[in-house]
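A short worksheet on the structure shown next.
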């Protein structure tokens with residue numbers, strides 16, 4: 007929940023020129039607050055940057071005050087939507103069942119959902135990380151088309167805490183996630199205190215296809231360094 011429309015436009019003015027040397031095969035996606043989607047859609051039209059939302063409701067319309075629907079998002083030319091982010095699960099009662107409903111709604115409207123999974127510090131300390139993530143995948147992916155899917159592994163204990171998940175450990179967990187999928191080449195991203203200082207090490211891991219960047223994406227220079235990892 008950052009950046010007004012004005013601040014979003016200022017961000018793009020500084021960020022977009024830094025992508026001129028970015029390899030063309032790298033996909034760059036900005037998942038912004040709902041109020042920024044309109045102005046971002048106009049500013050990113052015909053650019054190399056794709057636009058995404060931070061949530062989607064399972065119904066196309068109805069008495070769901072404060073939610074947003076697939077048709078509202080697709081009208082703005084979106085391609086992606088984040089589903090089941092750890093903060094939605096932690097603060098807003100998201101469950102694996104509602105995550106599944108949102109995933110299906112996204113795909114029904116031609117959006118590619120970015121499914122977030124991951125464990126808390128308590129679950130990790132109890133040795134339950136693998137079983138918890140496995141359960142999130144089993145329940146979340148019912149009837150989901152894995153050809154139109156991105157998965158993001160968020161070690162919740164490493165987000166904004168100063169604790170870091172070693173790149174090799176993230177790689178191990180992501181290998182376990184991949185082993186549970188029916189489609190082997192689903193893009194799997196890492197999300198957990200990604201920053202310019204650790205991006206090169208993270209992206210050197212064989213199972214990591216990309217990153218889901220939180221706070222470090224707010225600075226256009228720093229985020230461009232992440233996009234232009236070596």
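In the working numbering, the protein residues as written are 7 to 236. Even glycine gets a Cβ: it sits at the ideal position worked out from N, Cα and C.
request  = Could you say which of 45, 32 and 112 lies nearest to residue 76 if we only look at CA atoms?
outcome  = Within the chain shown, residue 76 is the residue found at index 70, counting from 1. Checked all of 45, 32 and 112; the closest Cα to residue 76 is 112.
inquiry  = Check whether the region 145 to 157 and the region 187 to 195 touch, using three or more Cβ-Cβ pairs below 8 Å as the test.
reply    = yes
key: Pair within 8 Å by beta-carbon distance, residue 25 and residue 34   = For the purposes of this step, residue 25 is taken as residue 19 along the chain shown, with counting starting at 1. For the purposes of this step, residue 34 is taken as residue 28 along the chain shown, with counting starting at 1. With respect to the 8 Å criterion, residue 25 and residue 34 are classified as neighbours on the basis of their beta carbons.
inquiry  = Can you tell me whether residue 59 is helix, strand or coil according to DSSP?
reply    = On the chain shown, residue 59 is found 53 positions in, with the first residue counted as 1. Of the three classes helix, strand and coil, the one that applies to residue 59 here is strand, per DSSP.
ask   = Unbroken beta strand (DSSP E) runs of length 3 or more, entirely within the region 65 to 138: which are they?
value = 86 to 89 and 118 to 123
ask   = How about residue 45 and residue 15: are their beta carbons less than 8 Å apart?
value = Here residue 45 corresponds to residue number 39 of the chain shown, with the count starting at 1. Here residue 15 corresponds to residue number 9 of the chain shown, with the count starting at 1. Cβ distance < 8 Å, so residue 45 and residue 15 count as in contact.
query = When the Cα atoms are used, what is the spatial distance from residue 71 to residue 145?
reply = Indexing the chain shown from 1 puts residue 71 at position 65. Indexing the chain shown from 1 puts residue 145 at position 139. In a straight line, the C-alpha of residue 71 is about 26 Å away from that of residue 145.
ask   = Mind checking residue 91: buried by the 16 CB within 10 Å criterion, or exposed?
value = Here residue 91 refers to the residue found at position 85 of the chain shown. Per the 10 Å Cβ criterion, buried.
query = Between the C-alpha atoms of residue 37 and residue 47, what's the straight-line distance to the nearest angstrom?
reply = Sequence index remark: in the chain shown, residue 37 carries index 31 (1-based). Sequence index remark: in the chain shown, residue 47 carries index 41 (1-based). Each residue's Cα considered, the two are about 11 Å apart.
key: Neighbourhood of residue 213 by C-beta, 7 Å cutoff - its chain only, sequence neighbours within 5 removed   = Taking the first residue of the chain shown as position 1, residue 213 is located at position 207. Cβ neighbours of residue 213 beyond the five flanking positions: 177, 180, 181, 184 and 194.
request  = Mind checking who residue 195 pairs with in its DSSP beta bridge?
outcome  = Here residue 195 corresponds to residue number 189 of the chain shown, with the count starting at 1. Paired residue(s): 158 and 216.
message = Just list the residues that DSSP pairs residue 37 with in beta bridges.
response = Position 31 of the chain shown, counted from the first residue, corresponds to residue 37. DSSP, once it has assigned bridges, lists 58 as partnering residue 37.
ask   = Can you give the Cα-Cα distance for residue 64 and residue 104, rounded to whole angstroms?
value = Along the chain shown, one-based indexing puts residue 64 at 58. Along the chain shown, one-based indexing puts residue 104 at 98. Cα-Cα distance, rounded: 8 Å.
ask   = First and last residue of the alpha helix (DSSP H) that includes residue 50?
value = In the chain shown, the residue the question calls residue 50 occupies position 44. 43 to 50 is the extent of the alpha helix (DSSP H) around residue 50.
request  = Using three-state DSSP, classify residue 153 as helix, strand or coil.
outcome  = Position 147 of the chain shown, counted from the first residue, corresponds to residue 153. Three-state DSSP puts residue 153 in a helix.
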